[in-house]
Amino acid sequence: MSNSAKKTKEMEQYELETGKQAIWQGKTTKGFLRWKEGEKDYYADKKRISVYVSSETERNWQEFINSHKISSFSKLIRESVNYYIKERSKFGGNIFTDLEISGESKMTHILKERLTTIKGFSQLLLEKYSDSLNDEIKSIINNVLNETKQLENKFIVKLEEKELKPTLYDVLLIEDDLSTVDLLQNYFESKGYSIKGVLTGVKGIEELRMSKPKLILLDIILPDISGFEICKNVKSHELLMNIPVFYLTAVPGSKVEEKIEETKANGYILKPFDLPDLEFLFEYL
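Each residue of the sequence shown is one higher than the last, beginning at 4 in the working numbering.
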């Protein structure tokens, strides 16, 4: 079937029922052929959900579908939602919820709870049964208490050392355009400041789990998580909320202004920008 072939009414009915295309890249789809042969029971347990979007959004989605060879809007939406659910479930309500007790610190947190229990029961034994315990048993219990206290102190020292670890860089740049990352890395380094550039929101979150930069420059449209969402979570987390966050974006200024109060960003810089436009950022470094 050629690209110029007209869709039949049967094809239109198929697309209406399933949300899938009957013709893709000039060929009749296998899905339509199966549907035509009577395999309609495949859709019996499926529910159709309609999505209303602007013409501009539809064009953007269609361009993405064409460039990535995705067969239908329906498949794009399903895969996008599944990806979002999978990624969002990693972070819970706030994408930085587990920041303080992730990895090694989480294990330390659990061990400290167990040590508290051991200490508590040991102290209760000495207080409630002191008269009935011989000196040897009392000595053993006291040794247990001393050992748990020493172990707990080691954990506390280790955590404090980790928390006081100096920041590895001054600026965290979360930006999916590699040329912009290269430009800003060269610019800030020429001014004597260290900068870390990452290309996705998830990578930016990982960096903020390990380090606390003096300044965050944040693109709004990222391939995984919205910059608005990242900023809102940074500003609602007690360990990160005082870090200045500036959007670096091609989104119209009026749209950014609408989100400034909600996300609590410190400001924004619109693309295209001139390097002198960035000089005010040095006040935060």
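Ideal Cβ placement from N, Cα and C applies to all residues, glycine included. Only a predicted model underlies this, so the values are computations on that prediction, with no experimental measurement involved.
Three-state secondary structure (DSSP) of residue i
i      : result
Pro279 : helix
Tyr17  : helix
Val54  : coil
Thr11  : coil
Val254 : coil
Gly106 : Because Gly106 sits at a pLDDT of 47, beneath the cut-off of 50, its placement in the model cannot be relied upon, and the following sentence gives the value as read from the coordinates. Residue state, collapsed to three classes: coil.
Gly22  : coil
Residue range of the beta strand (DSSP E) that includes residue i
i      : result
Tyr271 : Gly270 to Leu273
Val201 : Ile198 to Val201
Residues that DSSP places opposite residue i in a beta bridge
i      : result
Thr183 : DSSP, once it has assigned bridges, lists no residue as partnering Thr183.
Lys30  : Trp27
Leu218 : Val174
Residue j beta carbon less than 9 Å from that of residue i
i      : j      : result
Phe285 : Tyr196 : yes
Pro1   : Lys199 : Because the chain in this structure spans residues 4 to 288, residue 1 falls outside the shown range and cannot be described.
Lys39  : Thr183 : no
Ile224 : Val259 : no
Leu243 : Ile177 : no
Closest by C-alpha distance to residue i, when choosing among the options
i      : options                           : result
Ile144 : Leu128, Ile177, Leu218 and Val184 : Leu128
Thr31  : Cys234, Ser74, Thr120 and Gln65   : Ser74
Ile228 : Ser257, Asp179 and Thr119         : Asp179
Phe191 : Ser257, Gly207 and Glu282         : Glu282
Leu278 : Ser193, Ser142, Thr120 and Glu139 : Ser193
Gln28  : Thr60, Glu264, Ile233 and His71   : His71
Val84  : Asp280, Asn69, Val54 and Arg62    : Val54
Delimiting residues of the alpha helix (DSSP H) encompassing residue i
i      : result
Phe285 : Here Phe285 belongs to no alpha helix (DSSP H), and DSSP marks it neither H nor E.
Glu209 : Gly204 to Met213
Lys238 : Gly230 to Lys238
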